[in-house]
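Engineer: Under the working numbering, the first residue of the sequence shown is numbered 29, with each subsequent residue one higher. The structure under discussion is supplied below as structure tokens; questions concerning it will follow.
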Amino acid sequence: MKFLYPFAKRFIAGPDLKTAIPAIRKIQESGYFTSIDILGESVSTRQQAEDAKIEYLKLCESLDSIDHSFDFSIKLSQLGLDIDRKFCTDNLKQLAQAMGNHTIRLDMEG
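Structure below.
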């Protein structure tokens with residue numbers, strides 16, 4: 029990632045929620061749309077999937093005060109698809125409920 033970061037940094041709001049939220053707000057207030065993705069790939073434990081879900085829930089909560097819609101890009105493997113399909117579906121349902129009227133895009137994975 030360090031090698032690619034100089035090329036990709038204009039597309040990355042920040043390495044964590046603390047730095048990303050102000051950048052996302054600034055972009056939205058400038059009239060641009062955003063697609064938000066918490067970086068990560070396939071997880072191997074339920075706890076990792078739970079942690080990813082919690083990060084998305086924190087992100088939703090942090091963005092509640094912004095009067096714009098967002099696109100959230102989610103990887104099902106990050107929510108536990110490779111562990112248990114029902115577990116992943118339950119995680120996705122919780123996120124869909126929290127994300128309300130925002131758009132959820134499911135990333136295509138290989």
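Glycine is no exception: its CB is placed at the ideal position from the N, C-alpha and C atoms.
#1: GLN106 and ALA77 - do their beta-carbons sit closer together than 8 Å?
#2: Assuming ASP118 is part of the alpha helix (DSSP H), what are its boundary residues?
#3: What are the boundary residues of the beta strand (DSSP E) that includes LEU134?
#4: Mind checking whether LEU91 and PHE98 have CB atoms under 8 Å apart?
#5: Looking at the secondary structure, which residues open and close the beta strand (DSSP E) in which SER101 lies?
#6: Out of curiosity, what's the CA-to-CA distance linking ALA126 and ASP118?
#7: What would DSSP say about ILE64, mapped onto helix, strand or coil?
#8: If distances are taken between C-alpha atoms only, which option among GLU57, THR62, GLY68 comes closest to ALA41?
Structural biologist: So, to answer that:
#1: yes
#2: Here the alpha helix (DSSP H) through ASP118 covers 113-127.
#3: 131-134
#4: yes
#5: 99-102
#6: ALA126 and ASP118 have their C-alpha atoms some 13 Å from each other.
#7: strand
#8: In terms of Cα proximity to ALA41, the closest of GLU57, THR62, GLY68 is THR62.
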